[in-house]
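Here the structure is laid out as structure tokens; the discussion comes afterwards.
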Amino acid sequence: MKLTKLTSSGKAGFSAISPDGRYVAHMVNGSEGTSLWMRQVATSSSVQIVPPSDKWFLGVTFSPDGNYIYYVAGEKSSETATLYQMPVLGGPPKKLVEDLSTPVTFSPDGRQVTFIRSGFPNAEDSLIIASLDEAKERKLVTRKPPNYFVTYEGAPAWSPDGKTIAYASYVQGKGNLYQMNVFGLNLADGTEKALPSSQKWDWIDCVAWLRDGSGLLLNAIELGGQSSQIWQLSSGGEARRITNDLNNYYGLDLTADSNTLVTSQVNRTSNIWIAPGGDSSRARQITSGTNNYRNLEWTPDGKLVFESGSDIWIIEADGSGQKQLTTEGRNNRMPSVCAGGYIVFSSNRQGARRIWRMDLDGSNQKQLTSGDMENFPTCSPDGKWVLYASSGSGIQNLWKAPIDGGNAVQLTDRFSGRPIISPDGKLIAVKYVNDPSSRKIVMALIPFEGGEPVKLLDIPGFFVHWSRDGRALQYNDNRGGSSNIWSRPIDGSPPKQLTDFRGDTLFSFAWSVDGKQLAVSRGTDTHDVVLISNFR
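Written out as structure tokens, the structure reads:
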């Protein structure tokens, strides 16, 4: 196998290769926005064919004849994306199809495309075929929550003989457990079935048919794995790993002869820093190496709990005494430290993802809930309740359960995720879809007892925490080319920047219980386009 790196900026992605292998199209995320570039493989020369804008992109595809580029992008203010067509060397883009949730894949004759249309937050997902000549659509297969198709880069794949469309989907299997599989839809009779596989999967991102129809290539994480690699899945179900390293690979596209593929190679490394009083200039690094530290939490006695790999760990604030707390199961994630000396976390060690509890030293691990697809646990300030998001009822809602186990109580009936509880225990800040028709995710403040929001806020960060006085929400934001922590008062006052880190990306942060120490996970997140050949 030969791997050739086509970009080195760390800011490239969403790539496609022309059928003859001469050109590669890819996105570049820069300070002025996202742009689309065309690279000639033989000469390494590149030309920008779509200028930078604040649009968000889902992917790019060459037409089967190699004359046109089809890309999927959405306006900054919109939650839906549109398919555009343009000549391969640039020109005015033409709008074709609206409301796509994946890139498109062409039928062998080039007259139709297939894609996924998400029903987020509470409608069904659909596998669609669209005719580009007649602007007609046909819905082929649907998924109702909590079953869903893989979206984003996960475009369905049309077989070379035109008879089958393959796609990745998460569905309820035996014993009410949810499984990720590749499915094939027979276009002649409309039947679908899970394709055989010798490997079980935690996640499948993208699928692509080999030219001779002998199998598929996948971006996938095997059961118990930690990184997304490229696999070959034969028609008989034999899974063979093509890449095997510490990087992640997302998206893939093949030349017409299936001898060369292009993909995005993603590498994330981070370390933990401690900033006294939140002063960035005095921050000191307490870990080293190439690990990925996520979901930081302080214990009452000044230690740090975090997630790394597929497990939960604890470390002293000076970087000593690092200890792994979880060893069982395939994936233990999202730790939250509770009053009373507990850590709650999400684990799929018994197949279904449920909420578990353990002591601070990792002992006495106990299952608290019995649903499925349960994530984002957090404890009430008094330590009596654990709040979490569950998709088991079809829509991701917010629930709470007693810390010692018992009957769970539903708190919301709309899409809700990542709850955090105010210091006085009266309010819950939660990612929320107030208007399902708009699909826009906002930050809602709801009473601890549940019910309708008392306030809606526009908070951009993925990781959000309450301020110690309960008057503001703090979040990570990458504005101005730097990744820092900002504070947004809940009374609607303008946000204020709290830290002044330069360079690197901020992945997670947490204040110590006494508010005197700020822990942050910072590092690099590079995305580059690579060409892989001689892999068969």
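Be aware that the sequence shown starts at 1202, since it is given in my numbering, and climbs by one per residue. No residue lacks a Cβ here, since even glycine has one placed at the ideal position from N, Cα and C. Bear in mind that the values here come from a model prediction, so they are computed numbers and not experimental data.
From the options, residue whose alpha carbon lies closest to that of residue i
i: residue 1354; options: 1339, 1341, 1588 and 1316; result: 1316
i: residue 1447; options: 1439, 1491, 1435 and 1388; result: 1491
i: residue 1656; options: 1673, 1640 and 1663; result: 1673
i: residue 1614; options: 1301, 1651, 1339 and 1640; result: 1651
i: residue 1431; options: 1670, 1439, 1425 and 1421; result: 1421
i: residue 1592; options: 1501, 1570 and 1607; result: 1570
i: residue 1513; options: 1527, 1357 and 1501; result: 1527
i: residue 1727; options: 1231, 1644 and 1331; result: 1231
i: residue 1609; options: 1588, 1475 and 1619; result: 1588
i: residue 1313; options: 1620, 1319, 1414 and 1329; result: 1329
i: residue 1716; options: 1605, 1662 and 1501; result: 1501
i: residue 1337; options: 1327, 1309, 1358 and 1298; result: 1298
i: residue 1324; options: 1678, 1683, 1636 and 1712; result: 1636
i: residue 1708; options: 1469, 1682 and 1503; result: 1469
i: residue 1174; options: 1410, 1311 and 1392; result: With the chain running from 1202 to 1737 in the structure shown, residue 1174 is simply not present.
i: residue 1404; options: 1531, 1276, 1693 and 1600; result: 1531
i: residue 1237; options: 1204, 1285, 1244 and 1281; result: 1285
i: residue 1559; options: 1629, 1533 and 1567; result: 1567
i: residue 1548; options: 1311, 1402 and 1572; result: 1572
i: residue 1389; options: 1363, 1453 and 1242; result: 1363
i: residue 1225; options: 1262, 1332 and 1544; result: 1262
i: residue 1214; options: 1241, 1452 and 1428; result: 1452
i: residue 1295; options: 1539, 1274 and 1311; result: 1274
i: residue 1702; options: 1713, 1678, 1695 and 1696; result: 1678
i: residue 1612; options: 1620, 1619 and 1599; result: 1599
i: residue 1425; options: 1506, 1533, 1473 and 1619; result: 1533
i: residue 1704; options: 1714, 1682 and 1693; result: 1682
Start-to-end residues for the beta strand (DSSP E) that takes in residue i
i: residue 1445; result: First-last for residue 1445: undefined, no H or E at that position.
i: residue 1575; result: 1575-1580
i: residue 1665; result: 1665-1667
i: residue 1708; result: 1706-1712
i: residue 1353; result: Segment: none, residue 1353 is in no beta strand (DSSP E) and carries neither H nor E.
i: residue 1423; result: 1416-1423
i: residue 1433; result: 1430-1435
i: residue 1551; result: 1543-1551
i: residue 1603; result: 1598-1603
i: residue 1334; result: Note, residue 1334: premise wrong, no beta strand (DSSP E); not H, not E.
i: residue 1723; result: 1718-1734
i: residue 1674; result: 1673-1678
i: residue 1318; result: 1313-1318
i: residue 1632; result: 1628-1633
i: residue 1406; result: 1402-1410
i: residue 1644; result: 1643-1648
i: residue 1212; result: Segment: none, residue 1212 is in no beta strand (DSSP E) and carries neither H nor E.
i: residue 1584; result: Premise fails: residue 1584 is in no beta strand (DSSP E) and is neither H nor E.
i: residue 1618; result: 1617-1622
i: residue 1366; result: 1365-1373
i: residue 1690; result: 1685-1690
i: residue 1395; result: 1393-1395
i: residue 1206; result: 1203-1206
i: residue 1345; result: That residue, residue 1345, is in no beta strand (DSSP E); it is neither H nor E in DSSP.
i: residue 1569; result: Unbroken run through residue 1569: none, as it is neither H nor E.
i: residue 1658; result: 1656-1658
Rounded Cβ spacing between residue i and residue j (contact assumed at less than 8 angstroms)
i: residue 1347; j: residue 1535; result: Actually they do not touch by this definition, with Cβ atoms about 18 angstroms apart.
i: residue 1438; j: residue 1398; result: 5 angstroms
i: residue 1511; j: residue 1493; result: Rounded, the Cβ-Cβ distance is 11 angstroms, inconsistent with contact.
i: residue 1260; j: residue 1272; result: 7 angstroms
i: residue 1266; j: residue 1234; result: 30 angstroms between Cβ atoms; not a contact.
i: residue 1161; j: residue 1417; result: There is no way to answer for residue 1161, as the model of the chain reaches only from 1202 to 1737.
i: residue 1762; j: residue 1735; result: The question about residue 1762 has no answer here: the residues shown for the chain are numbered 1202 through 1737.
i: residue 1360; j: residue 1414; result: 6 angstroms
i: residue 1686; j: residue 1646; result: Actually they are not in contact, since the Cβ atoms of residue 1686 and residue 1646 sit about 20 angstroms apart, beyond 8 angstroms.
i: residue 1634; j: residue 1649; result: That belief does not hold up - the Cβ atoms of residue 1634 and residue 1649 are roughly 20 angstroms apart, past 8 angstroms.
i: residue 1706; j: residue 1725; result: 7 angstroms
Any C-beta of chain D under 8 angstroms from that of residue i
i: residue 1513; result: Among the chains of the structure shown, chain D does not appear; only one protein chain is present.
Exercise. Unbroken beta strand (DSSP E) runs of length 3 or more, entirely within the region 1464-1533: which are they?
Worked result: 1495-1499, 1505-1509 and 1512-1516
Exercise. For the region 1660-1675 against the region 1296-1315, are there 3 or more C-beta pairs whose distance is under 8 angstroms?
Worked result: no
Exercise. Pairing CB atoms from the region 1506-1525 with CB atoms from the region 1583-1595, are three or more of them under 8 angstroms?
Worked result: no
For this session: Kindly provide the ranges of any beta strand (DSSP E) runs that are 3 or more residues long and lie completely inside the region 1230-1307, ordered along the chain.
Result: Every unbroken stretch of the beta strand (DSSP E) spanning 3 or more residues and falling wholly within the region 1230-1307 is given here in chain order: 1234-1241, 1247-1254, 1257-1263, 1269-1275, 1282-1288 and 1295-1301.
Exercise. Does the region 1619-1630 touch the region 1456-1471, meaning 3 or more C-beta pairs lie closer than 8 angstroms?
Worked result: no
Exercise. Any chance the region 1719-1732 sits against the region 1495-1515, with 3 or more Cβ pairs inside 8 angstroms?
Worked result: yes
Exercise. Hey, is the region 1471-1481 in contact with the region 1210-1229, meaning 3+ C-beta pairs nearer than 8 angstroms?
Worked result: no
Problem set entry | Stretch pair the region 1336-1351 + the region 1592-1605: three plus CB contacts closer than 8 angstroms | Touching, per the Cβ criterion.
Problem set entry | the region 1275-1292 / the region 1335-1342 touching (three or more Cβ pairs under 8 angstroms) | No, they do not touch.
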